[in-house]
Structures are given as structure tokens and as C-alpha cells.
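When the letters of the sequence shown are read in order and numbered with the numbering used here, they come out as residues 687 to 1017. Yeah, the Cβ is synthetic: ideal placement off N, Cα and C, and Gly gets one too. Some notes on the structure that comes next.
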Amino acid sequence: MSAIRKKLQKESTVVGSAGNLKYAVLGYGNQGRALALNLKDSKRGVVIGLPVRSKSIRKALNDNFSVVENVTDAVRKASVIVFAFPDHLHARTYQKDILPNLKKGQTLVFLHGTSIHFGLIQPPRDVDVVMLAPHAPGYAVREKFLSGESISCFWAIHQNYSRQARRRVFQFARSIGIATTKRTMIKTTFADEAVGDLFGEQVVLCGGLSELIHSGFQTLTKRGHSPDNAYLEVCYQIDLIVDLIKRFGIAGMYQRISVAARLGSSLSARRVIAKQTRKNMNAILKEIESGDFAQKLSSLTPAKLKRLDKNLQKLTSPEFEKSARKFAVKS
Ligand SMILES: NC(=O)c1ccc[n+]([C@@H]2O[C@H](COP(=O)([O-])OP(=O)(O)OC[C@H]3O[C@@H](n4cnc5c(N)ncnc54)[C@H](OP(=O)(O)O)[C@@H]3O)[C@@H](O)[C@H]2O)c1
């Protein structure tokens, strides 16, 4: 058994420690499943809260969670309520199922800052409101817990009614397998996390990167390169380059690639990401800061979500997807 797991089991038997807190994990998707399983393995009391006809109920029962409740009952039974369901549903679920059942002294845990920072949810004064945003998708939160390694996360306090908010967020972190060191627990605010996270995923990590890759792919294929070759040239090694940047910085990455790649980068980088692109980045940042984006997110309906997924298909092409499948990394 890893050292971190042994410590958690010992801690859970101490009266007055996090062992006495009961967690309601609302949602059993990417983050919710990982967090709930980690809490259970850390011997914390956990109840899963899901909508009445949720498809996820079966998944939670298959994972041996005997206590799966509707959101209302889960909120009533818990001292710590974890918002592990999609951000666009927070405000509606909060008004209908959470707020009417909140009790003085409970703790609301957010995994991302948008709902609080943009005022989509305004909790009463007599609860704690904290954030713990893991720097990893749910499957990695679970895998790292099982292997005894720690991921890092952002944490923040919005409201500290009990004067115990810091202790509670650190207890939650330890219970889901995050070591509470300065390197792994990075303090932030709801405002910075909300804006930074939305900006990062739109402009660089998800939207920007995918468009860069696909534009490079199409440029090559339109000039007669085979789709497979184009895919291998513009996408396949991307994780290795990112790995170099994460280990040695951008300067260190440039020192470790060929002379041709270095010369080419110095001639082309600022032509690809040119002045106009930076202006666009600023415009996007302003839309996020002003709350425009949060409003759009919050007004998503099932019909709009369907349209959104259809529109996302237009950001790629069948040729690209075929090559991606062919060279897919098996996990
Ligand atoms: N995904 C990530 O890697 C990641 C990383 C860091 C932070 N976060 C944050 O973590 C939170 C959860 O994101 P996620 O990606 O894990 O969500 P998700 O996987 O999309 O959540 C889906 C789960 O929520 C359930 N659900 C739907 N409506 C609900 C409601 N009204 N009440 C309770 N449960 C409901 C779904 O049930 P059904 O099966 O019935 O639909 C399903 O079990 C968000 O705040 C997000 O910003 C996510």
C-alpha cells in the first residue's frame, strides 16, 4: 500500500477529522466518478447525487456505490457538496435542487470557478464556498490515486463562514489523493481560475491547438501529401514536443531539436501566430472577462448542445479522423 493511502486510512479514524465529513458528489462523469471512487477508497462517507432518470446511476451501482440519491436528498445528507456535473447546468440545478436544501455550515466545493465568479450561483452567507480544480482529467485523477502519485490542483476560498474552509479544502484534497505540498496545491482565486481556464482551453489547449493542427494538415493534403503522412508530420509527435517544453521550457525545447527545425521556427513562428491572431486572443479574453461567454454557457439547452456538437464536426475532416484512428495510441 502506498504511503499516501496508509496516511489516509489512519486519518479517517481520527474523531473530528475529515473522516466525519460526508461528501455528496453530484454527477458521476469524468471528474465525479474519479473523485467518488477516491473518496470511497480513502474511507470517506460518500453519497452520489444524480438526476432522477440519470444514465449514470447504473455506472455508480456497477462501481459498488450503494448510496445513489437524487440531488435533493444527497444535498440534505452531506456536509460537503461537490459540484461534479457540467457547468452549464449548475445555475438551474442550484436554484431548483440545491439552494432549498442547504443547511448552515455546509461546504460547497467547485471544480472550476465560472459559476461563482460570474455570479451564476450566489450562495447564502452561512456556507463555505471553496474550489479545488484538478490539473488533470478524471481518468488521470483516478489512475494517479491508484498508483500513489499526486497530481497538482488550483485551490481557492470564496467564502469562509466556518473559519475552517482552508482545512476542509485540504482534507478534501488529501482524500482524493492530492499531496498537500506547495508544489501540488497552488493557491488562486475563483476569478483567475475561471478566466484563465476558459481562455487556456479556448485559445491554446483545445480550440487553438486543434485548429492549428488541422490547418497544417489541410495545407499539406491540398498540396498532394497523403493524409497519413500529413497527420504524422503535423500531429503525431506533438506530445513529445509538449513534453520537452514542460521539462525544459520553450528555450530548452529549441535547444533539443534539429538545426533545420530551429531555423524554420525562427522564420515562421510569428508568421503563423501573427499580429491579428494576438488581437483575436485579446478580443476572446475580453469576451470571457465580461461574462459574455459564461452567459452563453449557462443558456445551453439540449437542442443547442446537439447543434454545438454538429458544428464541432466542421472543425475537422473525415480524412484527418481516419488517419488519427489509424495511428491512435492504444491506452
Ligand atoms: N472534465 C475534466 O477533465 C475537468 C477538469 C477540471 C475541472 N472540471 C470541472 O469539473 C466539473 C464537472 O465536469 P465533468 O467534465 O466531470 O462533467 P461531466 O463528465 O460532463 O458530468 C456528467 C455527469 O453529471 C451528471 N449530471 C448531469 N446533470 C446533472 C445534475 N443536474 N445534477 C447532478 N448530476 C448531473 C451526468 O449524469 P447523466 O449520465 O444522467 O447525464 C453525469 O453523471 C465542471 O465544473 C468542470 O468544469 C472538469
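Check                                                                                                                   : Outcome
Three-state class that DSSP yields for residue 995 in the structure shown                                               : helix
Proximity of residue 724 and residue 762 at Cβ, strictly below 9 Å                                                      : no
Beta-carbon proximity of residue 766 to residue 795, cut-off 9 Å                                                        : yes
Three or more C-beta pairs below 8 Å linking the segment 802-822 and the segment 841-851                                : yes
Whole-number beta carbon distance between residue 717 and residue 855, since they are thought to touch under 8 Å        : With a Cβ gap of about 16 Å, residue 855 and residue 717 do not count as contacting.
In DSSP terms, what residue 871 is bridged to                                                                           : 839
CB of residue 930 within 9 Å of CB of residue 942, strictly                                                             : yes
Closer than 8 Å: residue 1022 CB and nearest ligand 1 heavy atom                                                        : The structure shown does not extend to residue 1022, since the chain is modelled only from 687 to 1017, so the question has no answer here.
Check: residue 717 C-beta below 8 Å from any heavy atom of ligand 1                                                     : yes
Limits of the alpha helix (DSSP H) - the one that residue 831 falls within                                              : 824-833
Of the listed residues 822, 778, 791, 785, nearest to residue 797 (C-alpha basis)                                       : 822
Close-in-space but distant-in-sequence residues of the same chain around residue 784 (CB under 6 Å, 5 per side omitted) : 761
Length at least 3, wholly inside the segment 726-796: the beta strand (DSSP E) runs in chain order                      : 731-735, 766-769, 793-796
Same chain, Cβ closer than 8 Å to residue 824, five either side skipped, listed in chain order                          : 715, 716, 717, 718, 719, 720, 721
Neighbour-count burial assignment, residue 995, 16 or more Cβ in a 10 Å radius                                          : exposed
Bridge partners - residue 819, DSSP secondary structure assignment                                                      : 840
Rounded Cβ spacing between residue 1012 and residue 914 (contact assumed at less than 8 Å)                              : 7 Å
Pairwise C-alpha distance: residue 857 and residue 702                                                                  : Reliability fails at residue 702, whose pLDDT of 29 lies under 50, so the model's placement of it is uncertain and no value is given.
Three-way DSSP call (helix, strand, coil) for residue 708 in this model                                                 : strand
Neighbour-count burial assignment, residue 960, 16 or more Cβ in a 10 Å radius                                          : exposed
Proximity winner among 834, 977, 802, 871, relative to residue 818 (alpha-carbon distances)                             : 871
N-terminal and C-terminal residue of the alpha helix (DSSP H) that residue 984 is part of                               : 978-984
Cβ-Cβ distance between residue 741 and residue 732 below 9 Å                                                            : no
6 Å CB neighbourhood of residue 844 in its chain, flanking five on each side removed                                    : 802, 815, 876
Among 920, 981, 846, the one whose alpha carbon lies nearest that of residue 809                                        : 846
Cβ neighbours of residue 902 in the same chain (closer than 7 Å, five flanking residues each side left out)             : 920
C-alpha gap between residue 737 and residue 963, whole angstroms                                                        : 42 Å
Start and end residues, alpha helix (DSSP H) containing residue 917                                                     : 913-917
Expected contact under 8 Å - CB spacing of residue 759 and residue 800 to nearest Å                                     : That belief does not hold up - the Cβ atoms of residue 759 and residue 800 are roughly 26 Å apart, past 8 Å.
Candidates 938, 912, 955, 838, of which the one nearest residue 1005 by Cα                                              : 912
Residue from 867, 939, 945 whose Cα sits closest to the Cα of residue 926                                               : 939
Residue 838 beta carbon less than 9 Å from that of residue 862                                                          : no
Pair within 9 Å by beta-carbon distance, residue 974 and residue 881                                                    : yes
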